[in-house]
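Colleague:
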Ligand code: MG
């Protein structure tokens with residue numbers, strides 16, 4: 001078994017959709033980025049790549065490449081899982097925490113888990129998503145952005 005860690009942050013701005021774990025969440029602001037800026041999915045992708053020491057998403061999906069402009073991050077996650085499979089690895093489980101002052105994410109977590117699990121080809125029981133505020137502290141507390149961290153385990157394909 002191998003484990004990996006991932007972390008990501010995106011800035012919150014007006015006039016963008018807020019996509020977390022592949023779920024479109026109604027909010028006054030959305031995350032800014034080259035792709036759909038799904039910070040949760042990005043952290044999970046980096047955790048998976050980290051588990052097999054295969055670089056990071058910036059390497060595989062550079063934000064200078066027009067191919068990834070506005071990209072659906074769940075499609076990128078599927079590509080990462082396929083990349084791992086090609087190297088003989090399958091996803092064990094994922095645990096992630098989203099750091100956001102607003103909006104309240106709890107109602108959206110079941111949908112995020114379902115979409116992430118489907119994208120990774122694992123059961124929903126293998127995907128944990130948690131959310132916390134940062135008690136108003138720092139940039140995230142001022143609602144300037146959202147961060148996410150994730151750990152993942154992978155197993156050799158039997
Ligand atoms: Mg990112």
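In our numbering, the protein residues as written are 1 to 158. Heads up, the beta-carbon is just placed ideally off N, CA and C, and yes, glycines get one too.
1. For residue 153, I'd like the list of residues in its chain whose CB is within less than 6 Å of its CB, leaving aside the five on either flank, ordered along the chain.
2. I'd like the span of the beta strand (DSSP E) that includes residue 154, first residue to last.
3. Is any heavy atom of ligand 1 found at a distance shorter than 7 Å from the C-beta of residue 42?
4. Work out the CA separation of residue 158 and residue 141 for me, nearest whole Å.
5. Label residue 106 either buried or exposed according to how many other C-beta atoms from any shown protein chain fall within 10 Å of its C-beta, with 16 as the threshold for buried.
6. Going along the chain, which unbroken runs of the beta strand (DSSP E) with 3 or more residues stay wholly within the region 59-136?
7. Rounded to whole angstroms, what's the CA-CA distance from residue 138 to residue 132? Just pull it up for me.
8. With 16 as the cutoff for other CB atoms within 10 Å, does residue 24 come out buried or exposed?
9. Sorry if obvious, but does the Cβ on residue 98 come closer than 7 Å to a heavy atom of ligand 1?
10. Just reading off the alpha helix (DSSP H) that residue 50 is part of, what are its end residues?
11. Taking the alpha-carbon positions, what's the residue 28 to residue 81 distance?
12. Going by C-alpha distance, which of 62, 53 and 134 is nearest residue 97?
13. With respect to the beta strand (DSSP E) encompassing residue 30, which residues constitute its N-terminal and C-terminal limits?
14. Residue 9: which of 88, 128 and 46 sits nearest, CA to CA?
Modeller: For this structure:
1. 1, 3, 92 and 93
2. 145-156
3. yes
4. 44 Å
5. exposed
6. 89-99 and 127-132
7. 14 Å
8. exposed
9. no
10. 39-51
11. 32 Å
12. 134
13. 29-31
14. 46
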